[in-house]
Amino acid sequence: GGKKGGKDKGAEKFAELQELQPANQEDYFDSGEWDMEGLEEDLKIAREGSFLKDPERMMTLLKGLAARTSKEDYYDKATKKWDMAGLQEDLQLVMGEKSSSR
5 GGKKGGKDKG
15 AEKFAELQEL
25 QPANQEDYFD
35 SGEWDMEGLE
45 EDLKIAREGS
55 FLKDPERMMT
65 LLKGLAARTS
75 KEDYYDKATK
85 KWDMAGLQED
95 LQLVMGEKSS
105 SR
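Numbering (the numbering used here), first residue to last: 5 to 106.
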């Protein structure tokens, strides 16, 4: 089949967006065309949003960016609670440093 790559890509991205948050196809698909720019932008935002609710994933990323980081810095075994604010803050700090050092 000679399907256009754009259509498949759009459908894939839309499906991924729907997994992260409720989404309306009409918002991204108009006159037989996917709004790839809008779709990718919203997908990026949704990914970051869901990511910031997952301490394990944040920890993995933070360790990759700042090797001296350890889970104990953010996780209290006694209360079994994550310091989500500290984790998010440090992650944004480290990611900011990485992007500005380019």
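Glycine is no exception: its CB is placed at the ideal position from the N, C-alpha and C atoms.
Computed from a prediction, not measured in an experiment: that's the story for all the values here.
Cut-off 8 Å between Cβ atoms - residues of its own chain near residue i, not counting five sequence neighbours on either side
i	result
K8	A caution first: K8 carries a pLDDT of 49, below 50, which makes its placement in the model unreliable, though a value can still be read off. Taken in chain order, the list of residues that qualify is empty.
M40	G10, K13, G14, K17
A50	L21, L24, Q25
For residue i: DSSP bridge partner residues
i	result
Y79	W86
D34	E37
Beta-carbon gap between residue i and residue j smaller than 8 Å
i	j	result
S54	L24	yes
E20	L47	yes
L69	M99	yes
K67	T73	yes
P59	W86	yes
Three-way DSSP call (helix, strand, coil) for residue i in this model
i	result
T64	helix
L47	helix
Q25	coil
K13	helix
D94	helix
S74	coil
Own chain residues within Cβ distance below 7 Å of residue i, not counting five before or after
i	result
K75	M63
G90	Y78
Close beta carbons around residue i, own chain, < 6 Å, minus the five adjacent residues each side
i	result
G36	none
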